[in-house]
Ligand SMILES: [Cu+2]
């Protein structure tokens, strides 16, 4: 049957082509399966620093041209209206930032000049933006300049500042400093001097120390008490994750992507355990660096943008599909691909909005933002959430109203976003315990027990029903005022 072989081969080719055709292309999947991207109104600049203010609107500023680093705007998620805000007296491009307990945004460092020739040359300035009064005030200057520092809100509401570079030769500022919010003064951690990565990934851990989870593979705790001290905890399974991303949820940390060439790998550490260690979890569908990871109200982690190409910022291998990580199954699902095909790479940022969408901005030169609506926005009516108190204290049980109280299966608290360079420096989620209230249509929810679990400040509170559909998030302020 020698002569039949080409025919058999052709037949099998045809069959495999038919099989390929039968598989539905992504565009034929429904938004309830893969979510949906929406292009938004173009902005006058590409935002590099994005912050969800306690009023539910997004403060943005750029590193670009005439809007360089000192000309913040306020973007309204409901209307896409853009208004000007009070300017800053210097260029806060490439600064680090975090929200304080009272809702003010604390900004450390920035860019000394207005063009790229000043790259690496960080400023010593630190500032506070008060959203209630639309005004800036100065904190005392830091020990030296910081370009690409990380700011971490501590359990008592103070702010830890680490790393950043001081000069165009990229000399690292090795002194960790704590901004004392109550006295507007600095405390130097002189016993904890250490050269760190740019924008190191730091999180306040359940033990009250701050953990450095990347980009370096060496995982250390920083004890911020007294003069400070570092202890080496463990080593990650993957090597250096430059321009990967990380999120914290319920005392665990997920790190993903990054590296050069970039990796699709991901790993998790559970800091609630007595001897925490990294564990590899399933990889993403594609390798990504310059990638954003965003905690969603249902506890899943949305990953957007990035590039699969090697080198610093390869736009030719930009990734346009979103994907979702489920912290329970630890599996990934590939979601919708943006038809706008805008590379969201270096200087991109993602923000969870109170309405449950994720705002995706930037990438150098990219003026058009997009919003991603996760699948949960297409799975039926959203649970109501009302009568939310504006302020809760640690361990307090507080009541909310929901006409859908009986269908609620999860309650989450997500710290409001302050993100830059694909890393949201204080991104964390707490799953809260709750029970049906004595009155029909009410839920009694218990706030996190301490500032170690959830540092004081503003969070989005979400109810999630048994279909995985979240309420609109309500901003609540956690923690009593700090000294
Ligand atoms: Cu930058």
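Residue numbers (the numbering used here): 566 to 1048. For glycine and all other residues, C-beta sits at the position ideal for the given N, C-alpha and C.
**Prompt:** With a cut-off of 8 Å, do at least 3 Cβ pairs link the segment 954 to 963 to the segment 1006 to 1020?
**Reply:** yes
**Asked** Looking only at DSSP bridge pairs, what is residue 964 linked to?
**Response** The sequence position of residue 964 within the chain shown is 399, counting from 1. Per DSSP, 1009.
**Request:** Give a single yes or no on whether residue 927 has its beta carbon closer than 8 Å to a heavy atom of ligand 1.
**Result:** By one-based count along the chain shown, residue 927 stands at place 362. No, the beta carbon of residue 927 sits no closer than 8 Å to any heavy atom of ligand 1.
**Asked** Which term fits residue 669, buried or exposed, when burial requires 16 or more other beta carbons within 10 angstroms of its beta carbon?
**Response** Here residue 669 corresponds to residue number 104 of the chain shown, with the count starting at 1. So residue 669 ends up on the buried side.
**Message:** Considering only heavy atoms of ligand 1, does any lie closer than 8 Å to the CB of residue 986?
**Reply:** Stepping through the chain shown from its first residue, residue 986 is reached at position 421. It does: the Cβ of residue 986 is within 8 Å (strictly closer) of some heavy atom of ligand 1.
**Request:** Could you say which of 921, 926 and 948 lies nearest to residue 940 if we only look at CA atoms?
**Result:** Start at 1 with the first residue of the chain shown, and residue 940 comes out as number 375. When only C-alpha atoms are compared, the closest one is 921.
**Message:** Assuming the contact rule is C-beta atoms closer than 8 Å, residue 605 and residue 933 should be a hit. Round their C-beta distance to whole Å, please.
**Reply:** Reading the chain shown from its first residue, position 40 is the one you call residue 605. Reading the chain shown from its first residue, position 368 is the one you call residue 933. With a Cβ gap of about 7 Å, residue 605 and residue 933 count as contacting.
**Prompt:** Any idea if residue 586 is buried or exposed, counting beta-carbon neighbours within 10 angstroms, 16 or more meaning buried?
**Reply:** Numbered from its first residue, the chain shown carries residue 586 at position 21. At residue 586, the pLDDT of 49 sits below 50, so the modelled position is not reliable; the number obtained from the coordinates is stated separately. Residue 586 should be labelled exposed.
**Prompt:** Considering only residues of the same chain and omitting the five flanking positions on each side of residue 635, which have a CB-CB separation below 8 Å?
**Reply:** Taking the chain shown and counting its residues from 1, one reaches residue 635 at position 70. Result list for residue 635: 626, 652, 653, 654, 655, 656 and 657, in chain order.
**Message:** Taking only three categories from DSSP, how would you classify residue 599?
**Reply:** For this step, residue 599 is matched to residue 34 along the chain shown. Correct three-state label for residue 599: helix.
**Prompt:** From residue 792 to residue 645, what distance separates their C-alpha atoms?
**Reply:** The residue given as residue 792 occupies position 227 in the chain shown. The residue given as residue 645 occupies position 80 in the chain shown. Their Cα atoms are separated by approximately 46 Å.
**Message:** Can you tell me whether residue 872 is helix, strand or coil according to DSSP?
**Reply:** Translated into positions along the chain shown, residue 872 becomes position 307. Strand, per DSSP.
**Asked** Under 9 Å between the Cβ atoms of residue 617 and residue 1037?
**Response** As a working note, residue 617 is residue 52 in the chain shown. As a working note, residue 1037 is residue 472 in the chain shown. For residue 617 and residue 1037, no; Cβs fall outside 9 Å.
**Asked** When burial is assigned at 16 or more other CB atoms within 10 Å of the CB, is residue 760 buried or exposed?
**Response** To locate residue 760, count along the chain shown from 1; it is residue 195. Per the 10 Å Cβ criterion, exposed.
**Request:** Just list the beta strand (DSSP E) runs in the segment 964 to 1001, keeping only unbroken ones of 3 residues or longer that don't cross its boundaries, in chain order.
**Result:** 973 to 980, 983 to 985, 993 to 997 and 999 to 1001
**At least 3 beta-carbon pairs within less than 8 Å: the segment 940 to 951 vs the segment 995 to 1005** = no
**Asked** Short check: CB of residue 596 to CB of residue 901, under 9 Å?
**Response** By one-based count along the chain shown, residue 596 stands at place 31. By one-based count along the chain shown, residue 901 stands at place 336. Yes.
**N-terminal and C-terminal residue of the beta strand (DSSP E) that residue 933 is part of** = Locating residue 933 in the chain shown gives position 368, where the first residue counts as 1. Careful: residue 933 lies outside any beta strand (DSSP E) and carries neither H nor E.
**Request:** Tell me whether residue 872 is buried or exposed, calling it buried when 16 or more other Cβ atoms sit within 10 Å of its Cβ.
**Result:** As a working mapping, residue 872 is identified with position 307 in the chain shown. Looking at its Cβ environment, which holds 16 or more other Cβ atoms inside 10 Å, residue 872 is buried.
**Request:** Quick one: grab the DSSP three-state call for residue 612.
**Result:** Residue numbering aside, residue 612 sits at position 47 when the chain shown is read from its first letter. Residue state, collapsed to three classes: strand.
**Asked** Closer than 8 Å: is that where the CB of residue 678 sits relative to any heavy atom of ligand 1?
**Response** The residue given as residue 678 occupies position 113 in the chain shown. No, ligand 1 has no heavy atom inside 8 Å of this Cβ.
**Message:** Please report the straight-line C-alpha distance between residue 769 and residue 664, rounded to a whole angstrom.
**Reply:** On the chain shown, residue 769 is found 204 positions in, with the first residue counted as 1. On the chain shown, residue 664 is found 99 positions in, with the first residue counted as 1. Using only the alpha carbons, I get a separation of about 14 Å.
**Asked** Quick one: Cα of residue 787 to Cα of residue 710, how far?
**Response** For the purposes of this step, residue 787 is taken as residue 222 along the chain shown, with counting starting at 1. For the purposes of this step, residue 710 is taken as residue 145 along the chain shown, with counting starting at 1. Those two C-alpha atoms are separated by around 21 Å.
**Prompt:** Between 619, 801 and 1030, which lies nearest to residue 1023 when the distance is taken from Cα to Cα?
**Reply:** Within the chain shown, numbered from 1, the residue matching residue 1023 stands at position 458. For the residues 619, 801 and 1030, the minimum Cα distance to residue 1023 belongs to 619.
**Message:** The beta strand (DSSP E) that contains residue 759, what's its start and end?
**Reply:** For the purposes of this step, residue 759 is taken as residue 194 along the chain shown, with counting starting at 1. It is not in any beta strand (DSSP E) - residue 759 carries neither H nor E in the DSSP assignment.
**Request:** Check residue 1020 in the structure and name its three-state DSSP category.
**Result:** As a position in the chain shown, residue 1020 is number 455, starting the count at 1. Note: residue 1020 maps to coil in three-state DSSP.
**Request:** Less than 8 Å between the CB atoms is what I'm expecting for residue 869 and residue 909, so what's the real figure, rounded?
**Result:** The residue given as residue 869 occupies position 304 in the chain shown. The residue given as residue 909 occupies position 344 in the chain shown. With a Cβ gap of about 6 Å, residue 869 and residue 909 count as contacting.
**Request:** Determine the closest residue to residue 1074 out of 836, 839, 803 and 859, with distance taken between C-alpha atoms.
**Result:** Any property of residue 1074 remains undetermined from this structure, which presents the chain solely from 566 to 1048.
**Message:** Which runs of the beta strand (DSSP E) at least 3 residues long sit entirely within the segment 829 to 902? Give them in chain order.
**Reply:** 831 to 835, 843 to 846, 857 to 860, 866 to 869, 886 to 891 and 896 to 902
**Message:** Helix, strand or coil, according to DSSP, for residue 943 in the structure here?
**Reply:** What you label residue 943 is simply residue 378 of the chain shown in a count that begins at 1. Note: residue 943 maps to helix in three-state DSSP.
**Prompt:** Do you know whose CA, among 794, 772, 775 and 766, lies nearest residue 782's CA?
**Reply:** Along the chain shown, one-based indexing puts residue 782 at 217. Answer by Cα proximity: 766.
**Item:** Top-ranked residue by Cα proximity to residue 747, from 729, 732, 757 and 721
**Value:** Stepping through the chain shown from its first residue, residue 747 is reached at position 182. Comparing Cα positions, the closest option is 721.
**Request:** Check residue 734 in the structure and name its three-state DSSP category.
**Result:** Residue numbering aside, residue 734 sits at position 169 when the chain shown is read from its first letter. Reduced to three states, the DSSP call for residue 734 is coil.
**Message:** I'd like to confirm the pairing. Which residues does DSSP put opposite residue 649 in its beta bridges?
**Reply:** Against the chain shown, residue 649 aligns to sequence position 84. Paired residues: 638.
**Asked** Taking buried to mean at least 16 other C-beta atoms within 10 Å of its own C-beta, is residue 992 buried or exposed?
**Response** On the chain shown, residue 992 is found 427 positions in, with the first residue counted as 1. Buried is the call here.
**Request:** Keeping to the same chain, check which residues put their C-beta closer than 7 Å to that of residue 753; ignore five residues upstream and five downstream.
**Result:** Counted from its first residue, the chain shown places residue 753 at position 188. For residue 753, where only same-chain residues beyond five positions count, the Cβ hits under 7 Å are 708, 740 and 742.
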